[in-house]
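J.:
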Amino acid sequence: MLDYPKDHPIIQQIQQSESLPRIPKDLGDALSMLLNPYEYDMNECIDRLYAIPGMETVLVRVINHISQFNRKITNLKDAILYLGAYNVRMISIAHMTRLLLPESCGRTKLFDSRKYWQHCVGTSIASYMIAEKTGQCDKEKIFTYGLIHDIGITVLDICLPQHLDEIYAKQVENGVHQTVAEKVVLNGITHAEIGMWLCEQWGLPEEICVIVGYHHSPFPYGRINNEINVLYLADSISTNYYENLLGTSTTFIYSDHVREKLNLSHEFVQSLAEKLPDEVDRIIRNEYFAL
1 MLDYPKDHPI IQQIQQSESL PRIPKDLGDA LSMLLNPYEY DMNECIDRLY
51 AIPGMETVLV RVINHISQFN RKITNLKDAI LYLGAYNVRM ISIAHMTRLL
101 LPESCGRTKL FDSRKYWQHC VGTSIASYMI AEKTGQCDKE KIFTYGLIHD
151 IGITVLDICL PQHLDEIYAK QVENGVHQTV AEKVVLNGIT HAEIGMWLCE
201 QWGLPEEICV IVGYHHSPFP YGRINNEINV LYLADSISTN YYENLLGTST
251 TFIYSDHVRE KLNLSHEFVQ SLAEKLPDEV DRIIRNEYFA L
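In UniProt numbering, the protein residues as written are 1 to 291.
#1: Could you tell me the distance, in whole angstroms, from the CA atom of isoleucine 167 to the CA atom of threonine 239?
#2: Around the Cβ of proline 102, are there at least 16 other Cβ atoms within 10 angstroms (buried) or fewer (exposed)?
#3: If leucine 262 and isoleucine 142 are in contact, beta carbons under 8 Å, what's the gap, nearest whole angstrom?
#4: Start and end of the alpha helix (DSSP H) containing histidine 191?
#5: Thinking just about the alpha-carbon of each residue, which of Asp78, Asp157, His266 is nearest to the one in tyrosine 116?
#6: Quick check on DSSP: helix, strand or coil for leucine 231?
#7: Below 8 Å CB to CB, which residues in the same chain sit around residue 323 once its five sequence neighbours on both sides are set aside?
#8: So, with DSSP's three-state summary, where would you put alanine 51?
#9: So, using beta-carbon positions, are histidine 215 and tyrosine 232 closer together than 8 Å?
#10: Relative to the C-alpha of glutamate 206, which candidate in His191, Asp29, Lys275 has its C-alpha closest?
#11: Going by DSSP in three states, methionine 1 sits in which element: helix, strand or coil?
#12: Taking the straight line between their C-alpha atoms, what separation do you get for aspartate 7 and isoleucine 14?
#13: Tell me the rounded alpha-carbon separation between cysteine 105 and leucine 164.
#14: Give me the residue from Asn226, Ser255, His191, Leu204 with the minimum Cα distance to aspartate 138.
#15: Does the beta-carbon distance from histidine 149 to valine 212 come in below 8 Å?
#16: Could you check which residue in Thr134, Asn64, Pro37 has the C-alpha nearest to that of glutamate 260?
#17: Got a sec, what are the start and stop residues for the alpha helix (DSSP H) proline 277 sits in?
#18: Can you tell me the Cα-Cα spacing of glutamate 173 and threonine 74, whole angstroms?
#19: Taking the alpha helix (DSSP H) that serine 217 falls in, what are its first and last residues?
#20: For glutamine 118, does the count of other Cβ atoms within 10 angstroms reach 16, so buried, or fall short, so exposed?
#21: Tell me the rounded alpha-carbon separation between valine 258 and asparagine 43.
#22: Would you list, in sequence order, the uninterrupted alpha helix (DSSP H) runs of no fewer than 4 residues that lie entirely inside the stretch 19–97?
#23: Tell me which residues share the same chain as serine 236 and place their Cβ nearer than 6 Å to its Cβ, disregarding the 5 neighbours each side in the sequence.
#24: Compute the Euclidean distance between the alpha carbons of aspartate 26 and methionine 196, then round it to the nearest angstrom.
#25: Would glutamate 132 be called buried (16 or more neighbouring beta carbons within 10 Å of its own) or exposed?
#26: Anyone know if the C-beta pair for serine 124 and glycine 146 falls short of 8 Å?
#27: What did DSSP end up calling histidine 163 once you bin it into helix, strand or coil?
#28: Using the C-alpha atoms, what's the distance from asparagine 70 back to glycine 152?
#29: Helix, strand or coil for histidine 257, going by three-state DSSP, please let me know.
#30: Considering only C-alpha positions, which residue in the set Met96, Lys170, Tyr86, Ile93 is nearest to leucine 110?
#31: Secondary structure at cysteine 209, three-state DSSP: helix, strand or coil?
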């Protein structure tokens, strides 16, 4: 059951904003198919992806960049067949991020979207490593979720940049926790609720909506969800990395209850946190992760 304040004034402002990009419904349909590729006709999925502006160009460029084939791939269908459902899903979400950041949109003056994108990539990497260690969820799927988990921040950047700058100032200059700063500036809601609303508006799969909405608060969700627990811990680790990028003084805080649910040691979490900066640097050198 998805729970967010649909009639909240901030959501209404975003909904009425002329800057809010219109993501094609075909993307949500395609992601649903790519999440469960054995349940769908791949030709139908390919038709959906054809309808997304720029998707064929992106997938063809990526496969030609990373492949060692003797021939050049020139069409969407061949690119999808060679890349596979996991890679296409990941690239599709990275592409959607770019659709959310057109050059013509009004942007923030203080908030650094590039550093925040590094946090999102860091969350993806940490999620993958935790999933690989615990075996409690699909490590490739959870990597994908990490890229989109903070979509609410991206939308604030586009539609309400002055609000995001105010949140950023409270966080960086006054040392206020991000969630607290958001609730003060946004009159009681956070980027997680905004992101959940947006995912549902765009027809994204419910499992993505749930991850986006509850990645900061796994306990109120009401039922055990290993993917939320993994993403919650990964996000905590990557947030510490992000705060270091900003040069703020923070304490590395996460819930021991979640860590214990995942059967992970403090030593593993600390080791992951130490490895993360180098891993992010390695990943964002790839052209479809660099903004």
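Even glycine gets a Cβ: it sits at the ideal position worked out from N, Cα and C.
Computed from a predicted model, the values in this text were never measured in an experiment.
T.: According to the data block:
#1: Mapped onto the sequence shown, residue 167 falls at position 167. Mapped onto the sequence shown, residue 239 falls at position 239. Rounded to the nearest whole angstrom, the CA to CA distance from isoleucine 167 to threonine 239 is 15 Å.
#2: On the sequence shown, position 102 is the one that residue 102 refers to. Any reading at proline 102 needs caution, since the residue's pLDDT is 48, under 50, leaving its predicted position unreliable; the model's value is listed next. Classification of proline 102: exposed, given that the 10 Å Cβ count is below 16.
#3: Within the sequence shown, numbered from 1, the residue matching residue 262 stands at position 262. Within the sequence shown, numbered from 1, the residue matching residue 142 stands at position 142. Wrong, their Cβ atoms sit about 12 Å apart, outside the cutoff.
#4: Taking the first residue of the sequence shown as 1, we reach residue 191 at position 191. 191–201 is the span of the alpha helix (DSSP H), which, as asked, contains histidine 191.
#5: Within the sequence shown, the letter at position 116 stands for residue 116. Nearest of Asp78, Asp157, His266 to tyrosine 116, Cα basis: Asp157.
#6: As a working mapping, residue 231 is identified with position 231 in the sequence shown. In the structure shown, leucine 231 sits in a helix (DSSP, three-state: H, G or I).
#7: Any answer about residue 323 is impossible in this case: the structure gives the chain only from 1 up to 291.
#8: One-based indexing of the sequence shown puts residue 51 at position 51. DSSP, reduced to helix, strand and coil, places alanine 51 outside both helices and strands of the structure shown, so it counts as coil.
#9: Working through the sequence shown from its first residue, we reach residue 215 at position 215. Working through the sequence shown from its first residue, we reach residue 232 at position 232. Yes, Cβ-Cβ distance for histidine 215 and tyrosine 232 is below 8 Å.
#10: The residue you call residue 206 lines up with position 206 of the sequence shown. Checking every option, the nearest Cα to that of glutamate 206 belongs to Asp29.
#11: Taking the first residue of the sequence shown as position 1, residue 1 is located at position 1. In this prediction, methionine 1 scores a pLDDT of 46, lower than 50, which makes its location untrustworthy; no coordinate-derived value is stated.
#12: By one-based count along the sequence shown, residue 7 stands at place 7. By one-based count along the sequence shown, residue 14 stands at place 14. Straight-line spacing of the CA atoms in aspartate 7 and isoleucine 14 works out to 11 Å.
#13: In the sequence shown, the residue the question calls residue 105 occupies position 105. In the sequence shown, the residue the question calls residue 164 occupies position 164. At cysteine 105 the pLDDT is 49, less than 50, meaning the model places this residue with poor confidence; the figure from the coordinates comes in the next sentence. The straight-line gap from Cα to Cα measures roughly 14 Å.
#14: Mapped onto the sequence shown, residue 138 falls at position 138. Looking at the Cα atoms, Asn226 is the closest of the given residues.
#15: Here residue 149 refers to the residue found at position 149 when the sequence shown is read from its first residue. Here residue 212 refers to the residue found at position 212 when the sequence shown is read from its first residue. Less than 8 Å separates the beta-carbon of histidine 149 from that of valine 212.
#16: Here residue 260 refers to the residue found at position 260 of the sequence shown. The option with the nearest alpha carbon to glutamate 260 is Thr134.
#17: One-based indexing of the sequence shown puts residue 277 at position 277. From DSSP, the alpha helix (DSSP H) with proline 277 extends over 266–283.
#18: For the purposes of this step, residue 173 is taken as residue 173 along the sequence shown, with counting starting at 1. For the purposes of this step, residue 74 is taken as residue 74 along the sequence shown, with counting starting at 1. A straight-line Cα-Cα distance of about 50 Å links glutamate 173 and threonine 74.
#19: Locating residue 217 in the sequence shown gives position 217, where the first residue counts as 1. Premise fails: serine 217 is in no alpha helix (DSSP H) and is neither H nor E.
#20: The count along the sequence shown starts at 1 and reaches residue 118 at position 118. Label assigned to glutamine 118: buried.
#21: Here residue 258 is taken as the residue at index 258 of the sequence shown, counted from 1. Here residue 43 is taken as the residue at index 43 of the sequence shown, counted from 1. Computed Cα separation, rounded: 40 Å.
#22: Taking only runs of at least 4 residues, the alpha helix (DSSP H) segments lying wholly in the stretch 19–97 are 25–35, 42–50, 55–66.
#23: In the sequence shown, residue 236 corresponds to position 236, counting from 1. Excluding residues within five positions, the ones whose Cβ falls inside 6 Å are Tyr254.
#24: As a working note, residue 26 is residue 26 in the sequence shown. As a working note, residue 196 is residue 196 in the sequence shown. When rounded, the distance between both Cα atoms is 18 Å.
#25: By one-based count along the sequence shown, residue 132 stands at place 132. Counting C-beta atoms within 10 angstroms of its own C-beta, glutamate 132 has fewer than 16 neighbours from the protein chains shown and is therefore classed as exposed.
#26: One-based indexing of the sequence shown puts residue 124 at position 124. One-based indexing of the sequence shown puts residue 146 at position 146. Yes, these two residues count as a Cβ contact at 8 Å.
#27: For the purposes of this step, residue 163 is taken as the residue at position 163 of the sequence shown. Three-state result, histidine 163: helix.
#28: By 1-based counting over the sequence shown, the position of residue 152 is 152. By 1-based counting over the sequence shown, the position of residue 70 is 70. Approximately 42 Å between the Cα atoms of the pair.
#29: For this step, residue 257 is matched to residue 257 along the sequence shown. Here histidine 257 sits in helix by DSSP.
#30: As a working note, residue 110 is residue 110 in the sequence shown. Measuring from the Cα of leucine 110, the nearest candidate turns out to be Lys170.
#31: The sequence position of residue 209 within the sequence shown is 209, counting from 1. Cysteine 209 falls in the helix class under three-state DSSP.
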